[in-house]
Every structure is written in structure tokens, then in C-alpha cells.
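According to full-length UniProt numbering, the sequence shown is numbered sequentially starting from 1.
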Amino acid sequence: MRRKMLHYISSESALTRNYVTIFILIQIKIFFSFSIVSSTVALNNGNGSHDISAKNCTTLECVLLDNLILNDINKYGDPCKDTSSYLCSKDTFTFGKKVESFSNPTELKDLITPILDGSDQQKFHELKSLKVEQELFKACMKFGENNSFETSMEEFDRLRTKNSSSDSWQDIHEEFNSLGFGYTFFDINIIRNPRHPERNIIALQPSKYKSIQIIPKLIQSFFQIAELSRVLDTKLINKTLPNQYSNMLPNKNVKQFLASLVQMTLDISNSTKTYMSIEKWNQTYNDHYGNYSTAQIDWPHIFAQSFKQADINIDKTEIILINQVNYFMKLAKILSTTPNETIAKAIIFIWRFQTSRYHKIMPLETVDLQAAKNLRYQCSIETQLYATSYVILRFWESDEKVMYRRRYLLEKITKAIQNEILQSQTLHENAKLYYSKKLKTITSNIIKGDWNQSFVSNYYGDFKLTGNYYTDILNYKKIITSKRLRNLRNSPEVTEEGVPFSVNELFNIRNNLIIWLYTFGYKPDDALLIQLMNASNELLFSTYGVKLAGFMYTLMTNDLLNNILLYGPVPLINTAENNIFRCFSREISNRKMKMSDDLFMYIINNETEKYYHKIDDIVENFAIRVAYKAMRDENCVSSSESICNTITKELGITSEKLFFLAYIKSNCNRSESLAKIDNILKDLEDFLTVFECPKNYQTSRNYKKQICNSTLFDINDGIFNHA
Numbered sequence: 001m002r003r004k005m006l007h008y009i010s011s012e013s014a015l016t017r018n019y020v021t022i023f024i025l026i027q028i029k030i031f032f033s034f035s036i037v038s039s040t041v042a043l044n045n046g047n048g049s050h051d052i053s054a055k056n057c058t059t060l061e062c063v064l065l066d067n068l069i070l071n072d073i074n075k076y077g078d079p080c081k082d083t084s085s086y087l088c089s090k091d092t093f094t095f096g097k098k099v100e101s102f103s104n105p106t107e108l109k110d111l112i113t114p115i116l117d118g119s120d121q122q123k124f125h126e127l128k129s130l131k132v133e134q135e136l137f138k139a140c141m142k143f144g145e146n147n148s149f150e151t152s153m154e155e156f157d158r159l160r161t162k163n164s165s166s167d168s169w170q171d172i173h174e175e176f177n178s179l180g181f182g183y184t185f186f187d188i189n190i191i192r193n194p195r196h197p198e199r200n201i202i203a204l205q206p207s208k209y210k211s212i213q214i215i216p217k218l219i220q221s222f223f224q225i226a227e228l229s230r231v232l233d234t235k236l237i238n239k240t241l242p243n244q245y246s247n248m249l250p251n252k253n254v255k256q257f258l259a260s261l262v263q264m265t266l267d268i269s270n271s272t273k274t275y276m277s278i279e280k281w282n283q284t285y286n287d288h289y290g291n292y293s294t295a296q297i298d299w300p301h302i303f304a305q306s307f308k309q310a311d312i313n314i315d316k317t318e319i320i321l322i323n324q325v326n327y328f329m330k331l332a333k334i335l336s337t338t339p340n341e342t343i344a345k346a347i348i349f350i351w352r353f354q355t356s357r358y359h360k361i362m363p364l365e366t367v368d369l370q371a372a373k374n375l376r377y378q379c380s381i382e383t384q385l386y387a388t389s390y391v392i393l394r395f396w397e398s399d400e401k402v403m404y405r406r407r408y409l410l411e412k413i414t415k416a417i418q419n420e421i422l423q424s425q426t427l428h429e430n431a432k433l434y435y436s437k438k439l440k441t442i443t444s445n446i447i448k449g450d451w452n453q454s455f456v457s458n459y460y461g462d463f464k465l466t467g468n469y470y471t472d473i474l475n476y477k478k479i480i481t482s483k484r485l486r487n488l489r490n491s492p493e494v495t496e497e498g499v500p501f502s503v504n505e506l507f508n509i510r511n512n513l514i515i516w517l518y519t520f521g522y523k524p525d526d527a528l529l530i531q532l533m534n535a536s537n538e539l540l541f542s543t544y545g546v547k548l549a550g551f552m553y554t555l556m557t558n559d560l561l562n563n564i565l566l567y568g569p570v571p572l573i574n575t576a577e578n579n580i581f582r583c584f585s586r587e588i589s590n591r592k593m594k595m596s597d598d599l600f601m602y603i604i605n606n607e608t609e610k611y612y613h614k615i616d617d618i619v620e621n622f623a624i625r626v627a628y629k630a631m632r633d634e635n636c637v638s639s640s641e642s643i644c645n646t647i648t649k650e651l652g653i654t655s656e657k658l659f660f661l662a663y664i665k666s667n668c669n670r671s672e673s674l675a676k677i678d679n680i681l682k683d684l685e686d687f688l689t690v691f692e693c694p695k696n697y698q699t700s701r702n703y704k705k706q707i708c709n710s711t712l713f714d715i716n717d718g719i720f721n722h723a
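Take a look at the structure:
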């Protein structure tokens, strides 16, 4: 099998309404969370967004995988509009010459499924952890056959049919979490302590963006299903819907409650962090609406029970970090005005369809036209797939020449960013240490690193397969959660050295970088890739290096930027505004302020908007500086001359000028005007010096147009001709 790497794709086509209709119905049967992911395509069609899948995907299976891989990564809008993500580079990497997309996303599936179903036994079969994943996969494929698992469904049936009018939503909330499904309204995570970077700390935060998106997509999906009630009636007329499924559709009150949560989430645009003890936080939260039982949350109990499964005792004096205090205050207000029954039904409603895999919704079986194919895909993501990912990483690494060049760039860019951090005049020492450690966390042992098999295997603990899929998958969820929470008392120096990588955890910033590094570029046998990997350092730093620097910087700071950079268009209820990025950026996009030398503070500062510059321009500016400094540092080391400004004899120009010319040339085919480039370059003294740029703005633009129209880089012939 030829080596295949997934390449992120983008398309301006749109799926038809009929396709969407069939698509949503199919998802309810197999696994509703996939309906959640996939309905984004349908929901955005009416808002002018671009479908990322239709052009290259011809099957539903392809669309599903495409959405999974591109989830959380710039999957909205025009190519290259959101330069902060740096995934548009597939169209700009070749200096004006667009290339065909790298096959289609099902190629990653082609790597995963043979490993999981055991058909590929050539390598890695000795991994015990891989054996666990293979057995879970095979059991998933057989789940429900001949009613073999009916006796183990009592717990699900009990929760599914709970009487939400008599039980408190808080109790239901806790029971779902105890099964390994987490909390509905918030997440508990373990992060490095910004105040004391040598330690970890508990972080209380709103649900991840991925989870937040579930709410509007659920609502919208059910709106569409309601419109298709006649179709459903026709399909289900001869099969009585079981009583436990008779109230699947949320009632009006539940819809309004979920819509309020969505609007509340979108209204919060600032990122705030507050340190306090659990006891103090409990008082702060409950004092606002303490007289309303529906708003009360026993936070000491929540934290104690959560960490109990990790064998860690947490008392009320533990200091925690609360992200987005405003979110929780507004959450309390909404809960205080909502009846308990409505909140409970909303929680059960969301949970039921997130876990519909275990419910065997047989009446919808006649609607599922591709059950077998989609079941294989769905079962492949039931686990975190750490061991499978380990095998795929080794598979990707076999192209050593490409990996060598990418590792080379990663090392140089990482060092340059670290220097930016350490040389900052406005960061205090703790902040410098924190960001340096964080940088190390996401870049350690990514390419040709110390990925030892024992670490991957040990992450599964002493997991024992029982042969009962229901029991095994719930135990697996609990073990994964326990391992994550146990890091609270571990030294960050230990946890950062070999964090498991999973193709199913792309929201993890380190995994984003791994995927980007391993799949960015072209086919292994592509002539353009071969030219690139043999290109001069100047060319490599100015194209791949700039994009790598920007992408790394965005990842490293995304916990502070998640309200700006990571939010794509989210369908709102009864409102025309559907883009949270625009909601926030409109406050800053039209105002300008000259940048200082300390660019590092521009994005990490919690008050980013006060700098009045577009975030993507700031990131790109930073990325250019980092890549340029990395190139200069490398030239100083490798050059036999006494100064860094070495001469590129073939072109008759300096290496610095080649760097900047290559950067501008690589941006020539972007949809934005050249004024954007001018805006980025104007505060960079190096650019002005190298280009001898005229002061007159119009002349400057004409000069750059000249560069774009030149034949300076003739990639087709692999020769760089000086114009």
C-alpha cells in the first residue's frame, strides 16, 4: 500500500438540500454525534458558508471523515481568508500555481481500519494496547447482534427513561458524568498553572467549542426532522415507536432553554481567568442565585466526586483556575429562571442522542441506506485510538527525507519563538517560564521523538476486556478520564514528554500540530514536494517556515484566543448574525495602531482588542519575524562569512531579499488585495531595508505587483530565475 497522508481540503461547493435531508436521517440511526458534526454542512448552506466536502467527497462516509478531521480547524469561509489558521497554504505554497488537493479524506480511514480489524498483521501486532483497540472495534461491529447485549442495558434504560419531573437535574448530571460522559454545562480539565509553571492546576471552564456546537445543531437538526415528519411517518407506520423514544423531539420549553444557552455563550467575548479556592468559588457562584434551587451547584461535591475516580482527594481548600467567570454567572441566571423539569429534559435529550449508539433505535433502520459502511467508520472512533495512532505515525515517518526537513524547520522555528518569549520586555518572569514550558509541551517528541511502546500501552492501565462491549466501552471511558485527571499531581515535566496522540482528539493543540506536520504538503511522490524538500533554506523559511510559525503561535495561545480564532460560524436561533468571529472582530478590525517590537504581547494579552489590529495580521506579522530570525540565525551558524547577510550566488541577491521575495510571491494568488501585504510589511524594518521600499504607498504597491508578475520563481521548471 502506498504511503498516504491526509491533506486538509476546502471547497466552495454546497450540498443539495435533498442530500442534507437523507444525511441527517441516517445519522440519527448510527450515532447522533455524527449528525451533530455533519449537520454543520447543512446549516451553513443557507448562510453563504462553503461546504468543505462536496467537491472531493462523493459518499456520505467521506463527508463524515472529512468533517471529523477538519473539525475545529478553519473549515468555514473562503480559502485564505482566515490566515490565522494557516491551512490555506495548499493553494499558496507553490507561489501562484494552484495544485490539486491530495486525494480525499477517506485515505486516513484506509490507514485506520486495516489496523483495527486485524487484516494488516505485518507490523505492531505485538502491541497489547493495539489489541485492546482491535477487540473493542470488533465488538462494536457486532454490537446488538442476536440481542446478545440486552442483559447489560439496564443502566442505560434506567437513565434513558428517568422521570425528569421528580429527579433533580443536578443528580442526573452527576450520574451521566459517573458513566464517563462528562458534564453538560462545563468541563473540568488539568492544565499547567500559569502562576506556577512547574505545577498543574484544576481548570473549570465552559464546555469545549466542539461541545457548545452540539446545542444549536441538535435544535436545527430536529427542526429539519420535524419538517420531514410525513416521511418519517411513512417509514415508521408499520413499526410502533417504543415508548422510551416517543419523546425524542424536545418540547418548546427545552428548545428555548437550549437557545438561551447558545446565545449566552456567544455573548461572552472576553477571556477572563480567576484563581480561588473551591470553597470561595462555591460561595461566589451560589451567592448570586442562592434562593433558586435550579441554579445551585455543589461545587465541592462536584470536584471531590470527579477526582475520586482518579484516587485523588480534593477538599474545598484546593485552588482552582476558573475560565470565563462571566459564563458561569450567566449560566446561573438562566438556570435560576428555568424549571427543574426543563433542565433535566434538556440534559437527557442531549445525552440520549450523544449515546444513541447504545440505544438500538430499530424503527429508523429502514432509513439507513449505508449502515454497514458507516458502522465501520463509527466503530473506529469509539476509542481514543492511541495505539492505532502510534502505528500511523510510524507509517508516516517512513518518508525520512520529508520528515527530516520538517523536523529541521520545527526545531528552528521553536527556538526562534522561544527567543521571542525570553526576550520580551513586557512579560514577567513567570509568564516567560509558562509560555516556554507550554511551547515545549506541544513540540516535544513529535517527529522522530521518543515514542516508546510501553508509554502508549501503559496509558490503558490494567484494562481487562470482559467480552461484553457495553461494559468494556464504559470501563474504557472511565480509565481514559482517570488518566487525564491523575495528571493533577504529576510533574508537568513528566506529562509533557510523551502525551499520547490520537487522531480522534484533534481539538488538543498538540495533536493539531502533529496532524499539521505529518499531513501538510503534497503526495510523497509529488515532484513539487521533492523540489520543496530540496529547496534553499531561504525558500523553506519564507514559505513553510512562516506558516509553521503562525500555526504554532496560534496553537500555543489558543486557550486565550478561543473566543476569537477558533469560533467559526455557529447557527443561532432567531438571529441573522451567525459568525462569532465577526461579532468580536468588528470591534477592532477598522482601527489601527502602530505595532511595538514586542509582538509576543499582542496576542497573549487578555485585552487584545486594545491594540486595534486584526488578529490574523498580527499573527502573520509575528510569524514572518520568527521565520526570518530563524533563517538569519541559521545562516549565521552555517555561513563561513562573518556576517549573516550572505550572497545567494545563483540569483545574485542576498539571502534576506530572497526570503522576502519568496514570501510576497507566495501570497500573490490570495484573494485579498496586495494592500494586506503592505499592511503587514509596513512596520517591519527588515522589509523596508531589503526592498529599499519607497515611502509612497502607491509606488510600493506597484513594486509588489511587479514582483507578483515576475518569473522570479518558476516552480514548473524547478529553476529560480532572477527577474
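Even for Gly, the Cβ is constructed at its ideal location relative to N, Cα and C.
- Taking 8 Å as the cut-off, the beta carbon of Thr383 is found no closer than this to the beta carbon of Glu538.
- Between Arg406 and Ile442, the gap from beta carbon to beta carbon reaches 8 Å or more.
- In the three-state DSSP reduction, Phe501 falls in the coil class, being neither helix nor strand.
- Following the DSSP letters along the chain, one finds Arg192 inside the beta strand (DSSP E) bounded by residues 186-192.
- In terms of Cβ geometry, Ile392 and Leu116 do not form a close pair [threshold 8 Å].
- For Asn487, the closest of Gln256, Glu397, Arg625, Phe307 by C-alpha to C-alpha distance is Phe307.
- Looking only at Leu513, Tyr327, Ser542, the smallest Cα-Cα distance to Asp187 is reached by Tyr327.
- Per DSSP, Thr388 is one residue of the alpha helix (DSSP H) stretching across 386-396.
- Relative to the Cα of Ile515, the nearest Cα in the group Met403, Asn282, Arg199 belongs to Met403.
- For the pair Ile348 and Trp281, the CB atoms are not nearer than the 8 Å cut-off.
- Spanning the alpha carbons of Ile509 and Met552 requires a straight line of approximately 9 Å.
- Taking C-beta atoms as the reference points, Asn177 and Tyr183 count as a pair closer than 8 Å.
- Note that the C-beta distance between Ala310 and Leu179 is not below 8 Å.
- Straight across, the Cα-Cα distance linking Asn512 with His288 is about 39 Å.
- Residue burial annotation: Lys438 is buried, with at least 16 other C-beta atoms found within 10 angstroms of its C-beta.
- Ile278 and Gln205 have their C-alpha atoms spaced approximately 14 Å apart.
- DSSP, read as helix, strand or coil, puts Pro197 in coil.
- Here Ala387 is near Leu130, since their CB atoms are less than 8 Å apart.
- Separation of the CB atoms of Leu335 and Ile343 is rounded to 6 Å, and the pair is thereby assigned contact status at 8 Å.
- For Lys547, the number of other beta carbons within 10 angstroms of its own is at least 16, and it is reported as buried.
- Around the beta carbon of Lys412, 16 or more other beta carbons lie within 10 angstroms, which makes this residue buried.
- Taking the Cα of Ser542 as reference, the smallest distance to any Cα among Leu474, Leu661, Thr265 is reached at Leu661.
- The beta-bridge partner set that DSSP reports for Thr274 consists of Ile322.
- With respect to the 8 Å criterion, Tyr275 and Leu409 are not classified as neighbours on the basis of their beta carbons.
- Residue Cys379 holds the alpha-carbon nearest to the alpha-carbon of Lys142 among Cys379, Phe185, Ala431, Thr284.
- Between the beta-carbon of Asn340 and that of Ser168 there is about 6 Å, and that keeps the pair under the 8 Å contact cut.
- Per the coordinates, the alpha-carbon of Gln305 lies some 42 Å from the alpha-carbon of Glu420.
- If you draw a straight line from the Cα of Leu517 to the Cα of Glu175, it comes to about 40 Å.
- Just measuring C-alpha positions, the residue of His428, Lys138, Tyr292 sitting nearest Ile381 is Lys138.
- Residue burial annotation: Glu198 is exposed, with fewer than 16 other C-beta atoms found within 10 angstroms of its C-beta.
- In the structure shown, the three-state DSSP call for Leu335 is helix.
- Gln425 sits in coil when the DSSP states are folded into three classes, being neither helix nor strand.
- In its chain, beyond the 5 residues on either side, Ala139 have a beta carbon closer than 8 Å to the beta carbon of Gly467.
- Using a Cβ distance threshold of 8 Å, Lys432 and Ser444 do not count as a contacting pair.
- Residue nearest to Leu127 within the set Lys483, Leu385, Ile417, Lys401 is Leu385 (criterion: CA-CA distance).
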